[in-house]
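A.B. asks: Pasting a structure below so you can have a look.
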Amino acid sequence: MSEQTGEGWVAGDGAHDGIEVSDNPDRGRFELRDGDRVIGVASYAVVPGATPGVPARVVFFHTEVGPAYEGQGLAGRLAAYALDATLASGRSIVALCPYIKVYLRRHPDPYAAHVLAPTRADVDAAERAAAAAG
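Okay, so the sequence shown: first residue is 1 according to this note's numbering, each after it adds one.
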């Protein structure tokens with residue numbers, strides 16, 4: 001198993017039971033967890049709607065799964081959860097992250113009608129969020 005730390009990913013015990021996905025809005029990311037260890041993230045920034053009644057946009061800018069978990073479909077599980085949660089919240093999707101872009105191309109339903117082209121404000125928000133995450 002791998003866990004994300006400030007220095008990157010560290011090895012764990014390799015157990016794969018109990019993997020869960022949840023939103024951590026305080027950190028601006030959806031987290032893939034194996035027990036109490038974060039083993040993957042889909043990082044995002046939220047950009048408010050330009051005018052009242054226009055939904056906010058969730059700008060996905062980075063997705064990563066620890067090396068010990070690659071090739072097991074977990075990044076897809078993380079992406080599906082993150083995108084489904086975004087739709088459930090009434091927000092639009094903006095994909096800057098290459099993985100999320102590919103996922104959306106391969107799985108257009110039910111997301112395609114909710115995907116927006118990135119704006120300068122989206123890119124700026126993602127850059128600020130990435131810098132804050134360190």
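Each residue gets a CB set at the ideal place from its N, CA and C atoms; glycine is no exception.
Who are the Cβ neighbours of H62 in its own chain at under 8 Å, not counting the five residues just before and after it?
C.D. replies: Counting from one through the sequence shown, the residue named residue 62 turns up at place 62. Here the set comprises V41, A42, S43, C97 and A130.
A.B. asks: Just to confirm the assignment: which complete beta strand (DSSP E) runs, minimum length 3, are found wholly within the stretch 54-88?
C.D. replies: The stretch 54-88 contains these whole beta strand (DSSP E) runs: 57-65.
A.B. asks: Among the residues of its own chain, which have a CB less than 8 Å from the CB of A121, if the five just before and after it don't count?
C.D. replies: The residue given as residue 121 occupies position 121 in the sequence shown. So the list reads V47, once near-sequence residues are dropped.
A.B. asks: Which word fits A15, buried or exposed, when buried means at least 16 other C-beta atoms lie within 10 angstroms of its C-beta?
C.D. replies: Locating residue 15 in the sequence shown gives position 15, counting from the first residue. Its pLDDT being 44, under 50, A15 is placed unreliably in this model, and the value from its coordinates should be taken loosely. Looking at its Cβ environment, which holds fewer than 16 other Cβ atoms inside 10 Å, A15 is exposed.
A.B. asks: Along the beta strand (DSSP E) that carries A95, what are the first and last residues, could you check?
C.D. replies: Here residue 95 refers to the residue found at position 95 when the sequence shown is read from its first residue. From DSSP, the beta strand (DSSP E) with A95 extends over S92 to A95.
A.B. asks: Please classify Y99: does DSSP put it in a helix, a strand, or coil?
C.D. replies: If you number the sequence shown from 1, residue 99 lands on position 99. DSSP places Y99 in helix when its eight states are reduced to three.
A.B. asks: Short of 6 Å in beta carbon distance, which residues of its chain neighbour Q4, apart from the five on each side in sequence? Order them along the chain.
C.D. replies: One-based indexing of the sequence shown puts residue 4 at position 4. Because Q4 carries a pLDDT of 44, less than 50, the predicted location of this residue cannot be relied on, and no value is offered for it.
A.B. asks: How big is the Cα-Cα spacing for G35 and A56?
C.D. replies: Taking the sequence shown and counting its residues from 1, the one referred to as residue 35 is at position 35. Taking the sequence shown and counting its residues from 1, the one referred to as residue 56 is at position 56. Taken atom to atom, the span from the alpha-carbon of G35 to that of A56 is near 31 Å.
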